[in-house]
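One structure is given below, encoded as structure tokens.
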Amino acid sequence: MELLIQIILLIIGFVLLIKGADVFVDGASNVAYNLKIPTIIVGLTIVAFGTSAPEAAVSITSAFAGTNAISLGNVVGSNIFNILAVIGISALLGTLTVDKILIKRDFPFLVISTIGLLVIAILFGEISRLCGIIFLIIIVAYVYRLVQEARKDKEAMSEEIEVKLSMPKAFIYIIIGIAGIIIGSDLVVDGASFIAGAFGLSDVLIGLTIVAIGTSLPELVTSVTALKKGDNGIVIGNVLGSSIFNILFILGISGAIMPLTIAPEMVSDIALMTVITIIGAIFA
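In terms of the numbering used here, the sequence shown opens at residue 25 and continues consecutively.
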């Protein structure tokens, strides 16, 4: 009976995570729009962070709880799911277009980040606080560069902004969204840990599968929705941005909070993620 309750709570946790992230993005975006911040800047920062919020919340909660395996497994599993499932399903539904800038800038950056994580896993066996801080510095520099490049696009910078929420309502959305993300992440981590123990499964396996797939649903929904609207080019950019955020921001902040020990069996999973990422870059 308790197992059934934990499964139900896990599902509720995923719903709260995904919906909370959605509400947070709506609120934060409208705060930015009220401040006359261009939509392209909002997309590169707030929306990019919002789609990775479920993974971030689960990994940070796992770091505080001392369940490193779920935190790492979540990131590795999410990146594998992004490339194989999100891009794969999207490709089955329509033709995907890849912007040249993604091939020149973002794919190489993702590949280097992934290889870097593999090297750290092999040589050191952990993501230390120093390593986590370095990851965070790199992702901040990366986003800063994207924003600077976006500022050069006069057409995108002058795009008309539609404000849907007043400032007070937008802040209420932000508070509700953050609450949903926090509560949802707690339910997911607790539920996943309980299920792993009940079936004698490792936290790594649960993180790589159930948790990773659940937290990656926003990327899948965003990509499929973009395809239906005819925005084929968004799919690859969405996957690349999310995957980069997963490695540098999520593992960075998780490692800065609490050093993440990389179990020996996890190294092979990171190696698999690296191979899949490189193959994805080659065929882009």
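Just so you know, even glycine gets a beta-carbon here, dropped at the ideal spot from N, CA and C.
**Three-way DSSP call (helix, strand, coil) for residue 285 in this model** = In the sequence shown, the residue the question calls residue 285 occupies position 261. Correct three-state label for residue 285: strand.
**Prompt:** Under the rule that 16 or more other beta-carbon atoms within 10 Å means buried, what is residue 51, buried or exposed?
**Reply:** For the purposes of this step, residue 51 is taken as residue 27 along the sequence shown, with counting starting at 1. With 16 or more other Cβ atoms within 10 Å, it is buried.
**Request:** Rounded to whole angstroms, what's the CA-CA distance from residue 170 to residue 28? Just pull it up for me.
**Result:** Translated into positions along the sequence shown, residue 170 becomes position 146. Translated into positions along the sequence shown, residue 28 becomes position 4. Going by the C-alpha atoms only, they are around 45 Å apart.
**Message:** Give me, in chain order, the residues of the same chain whose beta-carbon lies closer than 7 Å to that of residue 89; leave out the 5 immediate sequence neighbours on both sides.
**Reply:** If you number the sequence shown from 1, residue 89 lands on position 65. Contacts found: 213.
**Asked** In whole angstroms, what separates the C-alpha of residue 78 from that of residue 33?
**Response** Counting from one through the sequence shown, the residue named residue 78 turns up at place 54. Counting from one through the sequence shown, the residue named residue 33 turns up at place 9. Residue 78 and residue 33: Cα-Cα distance of roughly 16 Å.
**Outcome for residue 190 when other beta-carbon atoms lying within 10 angstroms are tallied against a minimum of 16** = Taking the first residue of the sequence shown as 1, we reach residue 190 at position 166. Around the beta-carbon of residue 190, fewer than 16 other beta-carbon atoms lie within 10 Å, marking it exposed.
**Prompt:** For residue 138 versus residue 262, is the C-beta spacing smaller than 8 Å?
**Reply:** Within the sequence shown, residue 138 is the residue found at index 114, counting from 1. Within the sequence shown, residue 262 is the residue found at index 238, counting from 1. With respect to residue 262, residue 138 sits apart: the two C-beta atoms are not nearer than 8 Å.
**Message:** Give me the residue from 117, 219, 85 with the minimum Cα distance to residue 244.
**Reply:** Taking the sequence shown and counting its residues from 1, one reaches residue 244 at position 220. Checking every option, the nearest Cα to that of residue 244 belongs to 117.
**Prompt:** On the premise that residue 281 lies in contact with residue 84, defined as a C-beta separation below 8 Å, what is that separation, rounded to the nearest angstrom?
**Reply:** For this step, residue 84 is matched to residue 60 along the sequence shown. For this step, residue 281 is matched to residue 257 along the sequence shown. Your pair residue 84 and residue 281 checks out as a contact, with CB atoms roughly 7 Å apart and the cut at 8 Å.
**Message:** With the cut-off set at 8 Å, would you say residue 42 and residue 211 are in Cβ contact?
**Reply:** As a first step, residue 42 is located in the sequence shown; it is residue number 18 there, counting from the start. As a first step, residue 211 is located in the sequence shown; it is residue number 187 there, counting from the start. Cβ distance not < 8 Å, so residue 42 and residue 211 don't count as in contact.
**Request:** May I ask which residues mark the beginning and end of the alpha helix (DSSP H) holding residue 122?
**Result:** Here residue 122 is taken as the residue at index 98 of the sequence shown, counted from 1. For residue 122, no alpha helix (DSSP H) encloses it, and the DSSP letter there is neither H nor E.
**Asked** Just to confirm, are residue 300 and residue 108 a CB contact at a threshold of 8 Å?
**Response** Against the sequence shown, residue 300 aligns to sequence position 276. Against the sequence shown, residue 108 aligns to sequence position 84. The answer is yes: Cβ separation under 8 Å.
**Asked** Touching or not, the region 262–275 and the region 128–137, by the rule of three or more beta carbon pairs under 8 Å?
**Response** Using a C-beta cut-off of 8 Å, the region 262–275 makes contact with the region 128–137, since at least three inter-stretch Cβ pairs fall below that distance.
**Asked** In terms of residues, what are the limits of the alpha helix (DSSP H) holding residue 252?
**Response** Position 228 of the sequence shown holds residue 252. Start and end: 236–252.
**Asked** Could you check where the alpha helix (DSSP H) with residue 156 kicks off and where it finishes?
**Response** What you label residue 156 is simply residue 132 of the sequence shown in a count that begins at 1. 153–175 is the span of the alpha helix (DSSP H), which, as asked, contains residue 156.
**Request:** Can you grab the Cα-Cα spacing for the pair residue 38 / residue 204, in whole Å?
**Result:** Mapped onto the sequence shown, residue 38 falls at position 14. Mapped onto the sequence shown, residue 204 falls at position 180. Between the alpha carbons of residue 38 and residue 204 lies a gap of roughly 10 Å.
**Asked** Residues in its own chain within less than 6 Å of residue 305 by CB, not counting five upstream and five downstream?
**Response** Sequence index remark: in the sequence shown, residue 305 carries index 281 (1-based). Scanning its chain for C-beta atoms nearer than 6 Å, with the 5 sequence neighbours on each side dropped, one finds around residue 305 the residues 131, 135, in chain order.
**Asked** So, are the CB atoms of residue 99 and residue 277 less than 8 Å apart?
**Response** Indexing the sequence shown from 1 puts residue 99 at position 75. Indexing the sequence shown from 1 puts residue 277 at position 253. Their beta carbons are not under 8 Å apart, which means residue 99 does not touch residue 277 by this criterion.
**Asked** Closest Cβ-Cβ distance between residue 294 and chain C: below 8 Å?
**Response** The chain inventory of the structure shown lacks chain C, comprising one protein chain alone.
**Request:** With a threshold of 16 other CB atoms inside 10 Å of the CB of residue 112, please say whether the residue is buried or exposed.
**Result:** Counting from 1 along the sequence shown, the entry for residue 112 is found at position 88. With fewer than 16 other Cβ atoms within 10 Å, it is exposed.
**Buried versus exposed, by CB contacts within 10 Å (16 or more), residue 143** = For the purposes of this step, residue 143 is taken as residue 119 along the sequence shown, with counting starting at 1. Result: exposed.
**Asked** Roughly how many angstroms separate the alpha carbons of residue 252 and residue 264, rounded to a whole number?
**Response** By one-based count along the sequence shown, residue 252 stands at place 228. By one-based count along the sequence shown, residue 264 stands at place 240. Cα to Cα, residue 252 sits roughly 20 Å from residue 264.
**Asked** With respect to the alpha helix (DSSP H) encompassing residue 48, which residues constitute its N-terminal and C-terminal limits?
**Response** In the sequence shown, the residue the question calls residue 48 occupies position 24. Run containing residue 48: 26–58, per the alpha helix (DSSP H) assignment.
**Message:** Using C-beta distances below 7 Å, list every residue in its chain close to residue 302, excluding the 5 sequence neighbours before and after it, in chain order.
**Reply:** Against the sequence shown, residue 302 aligns to sequence position 278. For residue 302, where only same-chain residues beyond five positions count, the Cβ hits under 7 Å are 135.
**Request:** Can you have a look at residue 297 and say buried or exposed, based on whether 16 or more other CB atoms are within 10 angstroms of its CB?
**Result:** To locate residue 297, count along the sequence shown from 1; it is residue 273. That one is buried.
**Message:** Buried or exposed, going by whether 16 or more other CB atoms sit within 10 Å of the CB of residue 217?
**Reply:** Counted from its first residue, the sequence shown places residue 217 at position 193. Per the 10 Å Cβ criterion, buried.
**Residue burial classification, residue 126 (beta-carbon count within 10 angstroms, cutoff 16)** = If you number the sequence shown from 1, residue 126 lands on position 102. Buried: at least 16 other Cβ atoms inside 10 Å.
**Request:** Return the CA-CA distance between residue 152 and residue 279, expressed in angstroms with no decimal places.
**Result:** Along the sequence shown, read from residue 1 onward, the residue named residue 152 stands at position 128. Along the sequence shown, read from residue 1 onward, the residue named residue 279 stands at position 255. Cα atoms of residue 152 and residue 279: separation of roughly 6 Å, rounded to the nearest angstrom.
**Request:** Note the first and the last residue of the continuous alpha helix (DSSP H) segment covering residue 192.
**Result:** Looking up residue 192 in the sequence shown gives position 168. From DSSP, the alpha helix (DSSP H) with residue 192 extends over 191–222.
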